[in-house]
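Read the structure below first, then the notes.
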Amino acid sequence: MQLFHSYHGNRLIRLVHSKMWLFEFSIWLHTFSRSLVSIFIPILLLKSGYSVNEVILYYFLYNLIDVPLNFLARWCVRKIGARNVVILGTLFSVGFFACLFNLSANSWMLLLALASFAALYDTFYWVAHLYLFVKCSNKKDDVASDASGLSIARRLAGLMAPALGALILIGSNQDFLISISIFLLCLSLFPLFRIKGIPDKPLRKQKSFRAFFKNWKITKDFLSIGFFGIHSSVEGIIWPIFIFTYFESIESVAILPIIASITAIVFTYFIGKTTKSKRSLLIAIGGITISIVWILRLFVTADFFYFFSVFLVGIFSVFISLPLDSSLLEKGEKRDLLSASTYRNIASMSANVLLYGILCLFVNVFDVSFYIASFSTILVVFTSYLIGQVFLEEKGSLKSPIPVSQDNLLEM
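The following block contains the structure:
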């Protein structure tokens, strides 16, 4: 019995000190600190005296600044390593919160600084952390398994943090909430300092843009990421603003990510086990269902449905996001992982530039954005499933009579 306890005790210690565990713990702390505030950021801008259209302008500037900075983030990863770039990204997030702490109405220079820090954080953290994630993973040929674990860790943080953030906003003030977030962000750096021996500087020669996208199977994934990014932005930014203006309460906004996280955690685990051949079908189911939900949100005005729709979107978003990210990272690992991480962020943020650029032209941003989000998920299905299936059939007809499985095609 003593030998049994000794073996499993040592095994647990090794697990806790493993690179993947340390990375996931850092991600959990980081996500928790950001989730305390992130759902409320557009609301805090509104409460600071900015109109809905001015908030939309802020997000347009943020995404516009973001796109070219992705190339700077990629260059930095090659020069100083992904772990150090993740640390820099976290520090930029601290700078973002410092600007938010001091923001007031008509502070346009500070609002521009806020957008700049948001863009620096997004590019440095997300480009580098996706690269570092794959390098920490023990399952290079089955990233989906670790990706589902990482997604669950994020969802767990997103489950608790918004409720706590709302309680702090109601019982205290936004300055105290921002201070807690900054403290936890700094705390998330310590697990990263303990990760040793990771080859976080790419040794492989960087592929040119044309060489990277010469294969349709790669291109369609990035197009799908971009289209799905439009839905994610409307769901994560515009929908909370709509809920806040409709119910006029912080609590109504705080419950949104809690509902989404509860429903997504279980589905994330099971979808992470899905075979590669089923990914396109999952994306099609998720895309069509979410598109229908967006149309229903335009015509169904029942309070219950507004929150039930978040439940549905939380489930079916996992049908799209996890297969897309897993496919993209697995293919990227075989070609140029850092460029895959970079172009993934560029695809998403470029689509958002288009989204917020269009919304800047309208007074009623809610109806327009809901239609755009509905159409974007149909484009995800069209690009990822319909065109992808046609492409695979044509490829199969050009091959020899030897049968080729879809799984093998995806790995080519």
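In this note's numbering, the protein residues as written are 1 to 412.
Where is the CB? At the ideal position from N, CA and C, for every residue including glycine.
Host alpha helix (DSSP H) of residue i (start-end)
i, result
"residue 233", "216-233"
"residue 302", "That residue, residue 302, is in no alpha helix (DSSP H); it is neither H nor E in DSSP."
"residue 204", "From DSSP, residue 204 is part of no alpha helix (DSSP H); its letter is neither H nor E."
"residue 76", "52-80"
"residue 345", "337-359"
"residue 24", "19-35"
"residue 377", "365-381"
"residue 117", "108-136"
Residue from the options whose Cα sits closest to the Cα of residue i
i, options, result
"residue 370", "311, 382 and 355", "355"
"residue 180", "54, 215, 228 and 35", "35"
"residue 27", "186, 200, 330 and 324", "186"
"residue 291", "279, 317 and 278", "317"
"residue 373", "197, 296 and 168", "296"
"residue 331", "80, 134, 53 and 75", "134"
"residue 245", "365, 200 and 279", "365"
"residue 90", "192, 247, 176 and 72", "192"
"residue 163", "25, 24 and 262", "262"
"residue 105", "95, 46 and 72", "46"
"residue 197", "107, 67 and 136", "136"
"residue 123", "173, 60, 25 and 68", "68"
Sequence-distant residues of the same chain with beta carbon closer than 7 Å to residue i, five excluded per side
i, result
"residue 178", "37, 97, 100 and 101"
"residue 63", "349, 352, 353 and 356"
"residue 319", "271, 282, 283, 285 and 286"
"residue 293", "309, 312 and 313"
"residue 171", "none"
"residue 247", "none"
Neighbourhood of residue i by C-beta, 6 Å cutoff - its chain only, sequence neighbours within 5 removed
i, result
"residue 213", "219"
"residue 195", "19 and 22"
"residue 161", "32, 35 and 36"
"residue 341", "127, 130 and 131"
Whole-angstrom C-beta distance between residue j and residue i, which should lie under 8 Å
i, j, result
"residue 378", "residue 287", "6 Å"
"residue 314", "residue 259", "6 Å"
"residue 93", "residue 125", "7 Å"
"residue 222", "residue 121", "With 8 Å as the limit, residue 222 and residue 121 do not qualify as a contact, their Cβ atoms being about 22 Å apart."
"residue 380", "residue 233", "That pair is no contact at about 14 Å."
"residue 414", "residue 169", "What the structure shows of the chain is the stretch from 1 to 412, and residue 414 is not part of that stretch, so it cannot be assessed."
"residue 201", "residue 78", "6 Å"
"residue 324", "residue 228", "7 Å"
"residue 327", "residue 279", "6 Å"
Test item: CB-CB of residue i and residue j under 7 Å
i, j, result
"residue 87", "residue 189", "yes"
"residue 337", "residue 58", "no"
"residue 43", "residue 360", "no"
"residue 84", "residue 345", "no"
"residue 103", "residue 48", "yes"
"residue 82", "residue 119", "no"
"residue 166", "residue 230", "no"
"residue 65", "residue 116", "yes"
"residue 368", "residue 362", "yes"
"residue 226", "residue 347", "yes"
"residue 256", "residue 29", "no"
"residue 205", "residue 339", "no"
"residue 243", "residue 252", "yes"
Below-7 Å beta-carbon distance, residue i vs any chain D residue
i, result
"residue 107", "No chain D is present in this structure, which holds just one protein chain."
Distance cut-off 6 Å: residue i Cβ against heavy atoms of the ligand ZN
i, result
"residue 259", "With respect to the ligand ZN, the structure offers nothing, as it holds no ligand at all."
Cβ neighbours of residue i in the same chain (closer than 8 Å, five flanking residues each side left out)
i, result
"residue 335", "207, 212 and 218"
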